[in-house]
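J.: One point on numbering: in the working numbering, the residue at position 213 of the sequence shown is 238, and numbering is uninterrupted. Please see the structure below; I have some questions.
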Amino acid sequence: NPDNPIINIRSFGENPQDVAAQVKAFIEGAHADKKNLVLTTAKHFPGHGDTATDTHLNLATIPADRDRLEHLELVPFRAAIEAGVDSIMTAHVAVPALAPPDLPATLSSAILTDLLRKQLGFNGLIATDALEMGGIAKGYSAGEASVRALEAGADTLLMPADPDQAISSVLAAVASGRLTRQRIETSVVKLLAAKERVGLDRKRFVNVEAIGDVIDSPEANEMAQEIADHAVTLVRNGANIIPLAAPERTCYVVMPETRYSSQGQVFTQEVHKRFEVGMSGSRAAGGAKGDPALVTVDPSMPRQQLEEHIGRLSGCESYVVAAFASANANRGSVGLAGELPYAIETIGAKGKPVALVALGSPYLLRNFPKVTAYLATFSTVPPSEIAAVRALFGEIDIRGRLPVSIPGLASYRDGIQVHATRTVRITGSAQ
């Protein structure tokens, strides 16, 4: 659902078969190194994609019949189970085709026990989504939600709004016979087995100082950059303005999601690097010799301030707008906040080609259908900022294809393929 405010790029895409293949590959990769095995979780069961509700705020509803569920939502979960996924997280969604229309899946035995355990054959851990979220907390106390989740078949209770109340309620439920001791012990055994699988029975503590050596290693960063480079997708390319024929006569506008965000800093640095090594040595549009014409604007700015910032850019033959948009809890939507949409409209009114770079949600094009070119990265992380600049400057092949459709504007698997036009790629330092 393009209007989903919380899943968005957290999903592999909209096609169930392709998503299933990605899920399988991810789990196999996480399990590949038996000595350093990583536990995996598939979420949110039985599906959280087809809703426009953020379950951090309210209970969502998945309006699918059983046949649709079988052929869409459940396909990736079946693949995950076949691949040996360790855990499955529940969704705070109501699924009227499976349970009462006001009952969250997290608290439904029909969904967690009958469907997931018995019909799909999942024997791993069932973890709830955060019980403090509005989709649960608005209808149930921390204690009642915790007991009901265990009754439904959950093994772990994530973030109840009141942990002390949750514990006392579970103890009281066991004492009264509402929950059996065996029910609790079944979950405990599953948790201990998962810990044993990753060696926590032998080595209980992690060397925190060594974490960076593993997850921030040169090899890991190189792979992350390769993935980001391959993901860049050119959805539209009016006048073939990407790659930029004249970067020094292009104006760049960076739009982070908040005033104090670090978003866009890497993009800005990467653009500056290209000018430092010489984009012909001519005077850049609106800037000093060798400097890019680049400004950063954010949602806190009123229209007058936005106009002033954009007005500093002059002599531009085209514009690149790098806009960040991610799915964040409790926001209720994914898009540009404040007056940033007005800023893009102001730029478009100048009559020059505009290339919109979407760092995060690929659906931004729906809000700005008149832009000349549209480049999607599907991520807001620094490697994606680098990949976007590399694509704009013709340093990498653009080979990505959309994992989703953009209603009325682009179809699933669309993507314009463009070969690199520059033989030199700028990396961590000027070359």
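Virtual Cβ for every residue (Gly too), placed ideally from N, Cα, C.
Short of 6 angstroms in beta carbon distance, which residues of its chain neighbour S112, apart from the five on each side in sequence? Order them along the chain.
T.: These residues qualify, in order along the chain: T66, G149, L150, A152.
J.: Leaving out five residues on either side along the sequence, give the residues of the same chain with a beta carbon under 8 angstroms from the beta carbon of A174.
T.: Closer than 8 angstroms at the Cβ level, and outside the excluded window around A174, lie T115, T131, L132, T153, L156, L182.
J.: Could you check how far apart the C-beta atoms of R426 and R438 are, in whole angstroms? I think they sit under 8 angstroms.
T.: With a Cβ gap of about 5 angstroms, R426 and R438 count as contacting.
J.: Enumerate in chain order the residues of its own chain whose CB-to-CB distance from Q55 is below 8 angstroms, with the five nearest sequence positions on each side excluded.
T.: Correcting the residue identity first, residue 55 is Ala in this sequence and not Gln. For A55, where only same-chain residues beyond five positions count, the Cβ hits under 8 angstroms are L62, V63, L64, T65.
J.: In this structure, how does DSSP classify F70 when only helix, strand and coil are distinguished?
T.: DSSP places F70 in strand when its eight states are reduced to three.
J.: Let's see if you can read the secondary structure: which residues bound the beta strand (DSSP E) around F37?
T.: Careful: F37 lies outside any beta strand (DSSP E) and carries neither H nor E.
J.: Tell me which same chain residues have a C-beta within less than 8 angstroms of the C-beta of N40, skipping the five on either side of it?
T.: Answer for N40: P428, Y437, listed in chain order.
J.: Should the segment 215-223 be regarded as contacting the segment 184-194, the criterion being three or more beta carbon pairs within less than 8 angstroms?
T.: No: the two stretches stay apart, fewer than three of their Cβ pairs being nearer than 8 angstroms.
J.: Looking at the structure shown, is L365 part of a helix, part of a strand, or coil, going by DSSP?
T.: Residue state, collapsed to three classes: helix.
J.: Can you tell me which of A352, Y344, V359 puts its alpha carbon nearest to the alpha carbon of T12?
T.: Here the chain comprises residues numbered 26 to 456, so residue 12 is not present and cannot be evaluated.
J.: Following the continuous alpha helix (DSSP H) through S201, name the residue where it begins and the one where it ends.
T.: Note, S201: alpha helix (DSSP H), 188-201.
J.: In the DSSP assignment, what are the bridge partners of C276?
T.: Per DSSP, A318, Y344.
J.: So, is the C-beta of F102 closer than 8 angstroms to a C-beta in chain E?
T.: Structure shown: chain E not included; a single protein chain is present.
J.: Could you tell me the distance, in whole angstroms, from the CA atom of V257 to the CA atom of S171?
T.: In a straight line, the C-alpha of V257 is about 42 angstroms away from that of S171.
J.: In the structure shown, what three-state DSSP assignment does Q442 receive?
T.: Three-state result, Q442: coil.
J.: Taking only the alpha-carbon atoms, compute the straight-line gap between D238 and Q47 and give it to the nearest angstrom.
T.: Going by the C-alpha atoms only, they are around 27 angstroms apart.
J.: Rounded to whole angstroms, what's the CA-CA distance from H117 to A162? Just pull it up for me.
T.: Approximately 10 angstroms, taken between the alpha carbons.
J.: Whose CA, out of V322, A352, P408, K228, lies closest to the CA of D79?
T.: Taking only the C-alpha atoms, the option nearest D79 is A352.
J.: Please state whether DSSP places P129 in a helix, a strand or coil.
T.: DSSP places P129 in strand when its eight states are reduced to three.
J.: R424: which of R415, I441, R206, L417 sits nearest, CA to CA?
T.: R424 has its Cα closest to that of I441, out of R415, I441, R206, L417.
J.: Using C-beta distances below 7 angstroms, list every residue in its chain close to E53, excluding the 5 sequence neighbours before and after it, in chain order.
T.: Cβ neighbours of E53 beyond the five flanking positions: A108.
J.: Work out the CA separation of E234 and L381 for me, nearest whole Å.
T.: Going by the C-alpha atoms only, they are around 40 angstroms apart.
J.: Can you give, in chain order, each stretch of the alpha helix (DSSP H) that sits fully within the segment 200-249 and has at least 4 residues?
T.: Runs of the alpha helix (DSSP H) inside the segment 200-249: 206-222, 236-240.
J.: Could you give the DSSP three-state label for A174: helix, strand or coil?
T.: It is helical.
J.: Out of G373, E342, M326, P327, state which residue places its alpha-carbon closest to the alpha-carbon of A318.
T.: The shortest Cα separation from A318 among G373, E342, M326, P327 belongs to E342.
J.: Using the Cα positions of D323 and M280, report the straight-line distance between them to the nearest angstrom.
T.: Their Cα atoms are separated by approximately 6 angstroms.
J.: Restricting to runs no shorter than 3 residues, where is the beta strand (DSSP E) found entirely within the segment 83-147?
T.: Whole beta strand (DSSP E) segments, 3+ residues: 112-115.
J.: Is it buried or exposed, H81, if we count other Cβ atoms within 10 angstroms and call 16 or more buried?
T.: Buried, because 16 or more other Cβ atoms sit within 10 Å of the Cβ of H81.
J.: Just grab the DSSP bridge partners of T258 for me.
T.: Answer is A401.
J.: Looking at C-beta atoms only, is the number of pairs between the segment 402-414 and the segment 261-272 that lie closer than 8 angstroms three or more?
T.: Taking 8 angstroms as the limit for Cβ pairs, the verdict is that the segment 261-272 does not touch the segment 402-414.
J.: Taking L361 as the reference, give the member of H297, Q294, F393, A374 with the closest Cα.
T.: Checking every option, the nearest Cα to that of L361 belongs to F393.
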